[in-house]
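Okay, so here's the structure we're looking at.
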Amino acid sequence: MSWLNKLPWLSLILLLLSYCLFGWYFSATIPLGRDLVLANFDRWNWSIAPESVDLVIFLGMGSAIILVCLSVTAASFLDIISGNWFKSDARAVASVLVWTFVVVLTICLFEQFVRLLVLLAAALLARIDLQRLGCNRWQTLLVLTLICFAGLSTGWLVFLWQNGAETTEALRLAGNWA
Numbered sequence: 069m070s071w072l073n074k075l076p077w078l079s080l081i082l083l084l085l086s087y088c089l090f091g092w093y094f095s096a097t098i099p100l101g102r103d104l105v106l107a108n109f110d111r112w113n114w115s116i117a118p119e120s121v122d123l124v125i126f127l128g129m130g131s132a133i134i135l136v137c138l139s140v141t142a143a144s145f146l147d148i149i150s151g152n153w154f155k156s157d158a159r160a161v162a163s164v165l166v167w168t169f170v171v172v173l174t175i176c177l178f179e180q181f182v183r184l185l186v187l188l189a190a191a192l193l194a195r196i197d198l199q200r201l202g203c204n205r206w207q208t209l210l211v212l213t214l215i216c217f218a219g220l221s222t223g224w225l226v227f228l229w230q231n232g233a234e235t236t237e238a239l240r241l242a243g244n245w246a
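Sequential numbering from 69 applies to the sequence shown in the numbering used here.
What follows is the structure, encoded as structure tokens:
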């Protein structure tokens with residue numbers, strides 16, 4: 069139990085709370101995203117069940133969480149991003165085009181970028197504290213992933229609990245996916 073006392077509780081609670089808030093916000097915007105996807109599918113005369121759209125959205129969020137956790141625990145993340153990109157002219161041009169696109173997206177979607185930046189900062193802080201504690205990369209990845217999923221799920225469930233009548237239907241649909 070001495071390892072439990074050594075855990076960086078402040079940074080882990082900050083990570084959990086930031087993902088709880090993001091889960092709450094994200095679950096509040098899911099109906100808008102679902103309606104947008106369904107409207108576009110109707111425009112093309114394709115049919116898709118709303119439950120399938122929700123499943124794809126949540127699988128996408130799960131993949132994004134794993135990607136964020138992997139990106140903050142990778143030892144050479146900056147090498148992966150910038151690495152040897154400028155050793156040839158073609159790679160330099162491709163790198164400049166990609167980074168230009170990223171900057172334009174950041175400016176156009178600044179509000180979403182700030183949300184992502186807060187999540188990344190909380191995950192980086194927790195990673196630094198866990199590695200200072202002596203955890204290896206895989207332990208850090210496991211702890212961060214579990215806390216991020218727990219926070220996102222908690223925020224989602226709190227949103228559903230606050231909205232009363234829709235909770236039963238959403239939980240029933242979530243049970244059908246399992």
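Glycine is no exception: its CB is placed at the ideal position from the N, C-alpha and C atoms. All figures in this text were calculated on a predicted structure; none of them were measured in a lab.
Taking the alpha-carbon positions, what's the residue i to residue j distance?
i    : j    : result
V161 : T222 : 43 Å
S86  : L214 : 14 Å
T168 : K74  : 43 Å
C88  : L127 : 17 Å
Q207 : N231 : 36 Å
V226 : A96  : 11 Å
V211 : I133 : 12 Å
L188 : W112 : 37 Å
D157 : L201 : 43 Å
V171 : C137 : 22 Å
L209 : L184 : 18 Å
I175 : R205 : 33 Å
C216 : L177 : 23 Å
Could you name the residues of the same chain whose beta carbon sits closer than 8 Å to that of residue i, not counting the 5 residues immediately before and after it, in chain order?
i    : result
F109 : S115 and I116
I125 : I98, G101 and R102
M129 : F94 and L220
L165 : none
V257 : Nothing about residue 257 can be reported from this structure: the residues present for the chain run from 69 to 246 only.
Start and end of the alpha helix (DSSP H) containing residue i?
i    : result
G223 : R205 to Q230
S139 : P118 to T141
W92  : W77 to R111
S163 : D157 to C176
Skipping 5 residues on each side, what residues in its chain have a beta carbon closer than 6 Å to that of residue i?
i    : result
A190 : L82, L83 and S86
V140 : A191, L192 and R195
Looking only at its chain, what residues have a beta carbon closer than 7 Å to the beta carbon of residue i, apart from the 5 residues adjacent to it on each side?
i    : result
G91  : G219, L220, S221, T222, G223 and W224
P247 : As shown, the chain starts at 69 and ends at 246. That puts residue 247 outside it, with no answer to give.
V186 : S86
Touch test, the segment 195-202 against the segment 72-83, Cβ-Cβ under 8 Å, three pairs minimum:
yes
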